[in-house]
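In what follows, a structure is listed as structure tokens, so that the remarks can point back to it.
Here's what the structure looks like:
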């Protein structure tokens, strides 16, 4: 698989318009294992290869995947692995894997299956905005199709059996990605994170476990997988997310009321740097794009194509930058390439707006 | 909350651990935590927390289990699980049932699966439930000396058992 073709399409999880501003995307993933085999981390290389071959055959025949793309991790270069990781199609751990594991994708990237990550199967459906129910329904349908060919490890008492006991039961992790600069600027995010932990939800950064919350992006997900029906997990998570959205809207309103000039200055500076900088580190870029996104949401900045913020969020990632350049870049080279890309895209989006005004 | 060791400084390290199936909560200040051998800065594996903290030597197993037991199918040992936090194969859930039960209770606060059942397991799960109910009814019928009813139930139980032995929906 050459990931270059993926770069030409928007990520399945990034909004194409600017309608889903606080809830960026929703994801549901299921962990499944074969009944008669060791889990990938404990199985030998040969056993993993046999399982990958077998599951690969079953998955590529799935109708709901509509002519899927698939590749063994052993056949992927380092850059392609990174691109898949940045697009949320594989995990950081899976990007490190070699022969005997792989990934199968629906061409529109809305469904991705990792084979032999921590479990034999990690199937995910990812959708734009707050759309957990659809994401669950789609991955559930795929799971039902797959189980016709795979004898799953399942216990009537504790459900689907997984390599880590933290996934046992439904094997389901539902998560929503949120952009909450208001809560961060009003210093209310820590209280929200604590509150989430109390009700059994985990809050993580943009790239999942162990990743920092850069660009004011957070993922909220269920931690418990045993003892609750999938539909109930999804609906209670959705309720909580709606509450966070309300909090965020409140925080933004208060922010605007109490510190309007500071917010305008903040956003204005972000636009200035993004459209004129010649060196941009990944973190600075993410933070500034978050400010710009906030400015667009609050009507402080106007752009003809506000979705440029979403395009840039993914295109400025190290793997994507290097894939576009077609070669490995040093950190300083990446910062320059990033600034060049951002400068031209942001300027263009702003100019289009100005032209339209002049007309 | 004060540290429970020095009873002076504010407790900032809160741990829940399971030692021999007993859930214990500890609250330490950073200094006392470090002195007690907790690595307060490094990332901690979930099994370190859940199976009790390892000092230098692994804590002794109860004497009746003095031989380190392993999963009969994949040969994963308890120490392997402790090291990685991952089980070796689906059969490990039976092999380590005693150790896993309290872990699952802490992790999920629930013990029984509710939710999707694979199509080919549905019959088996339903049969297991139906058999349980029928056996209860049979006991009741015998106790009440309703022998005709008891005979009918016995036949039904045999039927259901035969059905589930025939294998999943094949």
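Protein chains in written order, with my numbering: chain A, 1 to 359; chain B, 360 to 529.
Heads up, the beta-carbon is just placed ideally off N, CA and C, and yes, glycines get one too.
Since this is a predicted model, take the numbers as computed values, not measurements.
Between residue i and chain A, is any beta-carbon pair separated by less than 8 Å?
| i | result |
| --- | --- |
| residue 467(B) | yes |
| residue 516(B) | no |
| residue 471(B) | yes |
| residue 442(B) | no |
| residue 463(B) | yes |
| residue 487(B) | yes |
| residue 361(B) | no |
| residue 445(B) | yes |
| residue 491(B) | no |
| residue 475(B) | yes |
| residue 431(B) | no |
| residue 484(B) | yes |
| residue 391(B) | no |
| residue 374(B) | no |
| residue 478(B) | yes |
| residue 365(B) | no |
| residue 388(B) | no |
| residue 452(B) | yes |
Assuming residue i and residue j make a contact with CB atoms under 8 Å, what is their CB distance in whole Å?
| i | j | result |
| --- | --- | --- |
| residue 176(A) | residue 237(A) | 7 Å |
| residue 360(A) | residue 314(A) | With chain A covering 1 to 359 only, the question about residue 360(A) has no answer from this structure. |
| residue 34(A) | residue 143(A) | About 14 Å; that fails the 8 Å criterion. |
| residue 300(A) | residue 180(A) | The pair is not a contact, with the Cβ atoms about 17 Å apart (cut-off 8 Å). |
| residue 28(A) | residue 135(A) | 4 Å |
| residue 83(A) | residue 3(A) | 4 Å |
| residue 51(A) | residue 452(B) | Contact flag wrong, Cβ pair sits at about 19 Å. |
| residue 383(A) | residue 250(A) | Outside the displayed span of chain A (1 to 359) sits residue 383(A), for which this structure offers no information. |
Report all residues from its chain with a CB closer than 8 Å to the CB of residue i; omit the five preceding and five following residues, and keep chain order.
| i | result |
| --- | --- |
| residue 59(A) | 65, 68, 70, 104, 113, 115 and 146 |
| residue 321(A) | 315, 329, 334, 337, 338 and 341 |
| residue 229(A) | 170 |
| residue 7(A) | 83, 315, 320, 323 and 324 |
| residue 428(B) | 436, 437 and 454 |
For residue i, which residues of its own chain have a beta-carbon under 6 Å away from its beta-carbon, when the five flanking residues on both sides are left out?
| i | result |
| --- | --- |
| residue 317(A) | 86 |
| residue 386(B) | 360, 363, 370 and 373 |
| residue 193(A) | 203 |
| residue 95(A) | 81 and 85 |
| residue 486(B) | 519 and 523 |
| residue 305(A) | 349 |
| residue 454(B) | 430 |
If we define contact as Cβ-Cβ less than 8 Å, is residue i a contact residue for chain B?
| i | result |
| --- | --- |
| residue 306(A) | no |
| residue 52(A) | no |
| residue 10(A) | no |
| residue 237(A) | no |
| residue 39(A) | yes |
| residue 196(A) | no |
| residue 49(A) | no |
| residue 190(A) | no |
So, using beta-carbon positions, are residue i and residue j closer together than 8 Å?
| i | j | result |
| --- | --- | --- |
| residue 110(A) | residue 48(A) | no |
| residue 240(A) | residue 220(A) | yes |
| residue 39(A) | residue 445(B) | yes |
| residue 224(A) | residue 200(A) | yes |
| residue 252(A) | residue 182(A) | yes |
| residue 222(A) | residue 174(A) | yes |
| residue 261(A) | residue 343(A) | no |
| residue 255(A) | residue 186(A) | yes |
| residue 227(A) | residue 505(B) | no |
| residue 72(A) | residue 99(A) | yes |
| residue 271(A) | residue 294(A) | no |
| residue 443(B) | residue 41(A) | yes |
| residue 286(A) | residue 189(A) | no |
| residue 291(A) | residue 10(A) | no |
| residue 484(B) | residue 156(A) | yes |
| residue 437(B) | residue 469(B) | no |
| residue 12(A) | residue 126(A) | yes |
Among the residues of its own chain, which have a CB less than 7 Å from the CB of residue i, if the five just before and after it don't count?
| i | result |
| --- | --- |
| residue 401(B) | Note that residue 401(B) scores a pLDDT of 46, beneath 50, so its modelled location is shaky and nothing firm can be said. |
| residue 497(B) | 509, 512, 513 and 516 |
| residue 281(A) | 335 |
| residue 432(B) | 448 and 450 |
| residue 347(A) | 275 |
| residue 500(B) | 508, 509 and 512 |
| residue 216(A) | 179, 180, 181, 184 and 290 |
Any heavy atom of the ligand HEM closer than 7 Å to the CB of residue i?
| i | result |
| --- | --- |
| residue 166(A) | Among the components of this structure there are no ligands whatsoever, and the ligand HEM is therefore not found. |
Item to check | Length at least 4, wholly inside the stretch 38 to 86 of chain A: the alpha helix (DSSP H) runs in chain order | outcome: 45 to 60 and 78 to 86
Item to check | Interfacial residues, the stretch 129 to 152 of chain A to chain E, with Cβ spacing under 8 Å | outcome: Absence of chain E from the displayed structure is noted, the protein chains being A and B.
Next on the checklist: Just to confirm the assignment: which complete alpha helix (DSSP H) runs, minimum length 4, are found wholly within the stretch 453 to 516 of chain B?
Outcome noted: 456 to 467 and 478 to 502
Item to check | 3-residue-minimum beta strand (DSSP E) runs that sit fully inside the stretch 157 to 187 of chain A, ordered along the chain | outcome: At a cut-off of 3 residues, the continuous stretches assigned as beta strand (DSSP E) that sit fully inside the stretch 157 to 187 of chain A are 172 to 179.
Checklist entry - Which runs of the alpha helix (DSSP H) spanning at least 4 residues fall entirely within the stretch 216 to 301 of chain A, listed in chain order? => result 230 to 276 and 282 to 297
Item to check | Sequence ranges, beta strand (DSSP E) only - wholly within the stretch 75 to 147 of chain A, length at least 3 | outcome: 102 to 105, 111 to 115 and 121 to 128
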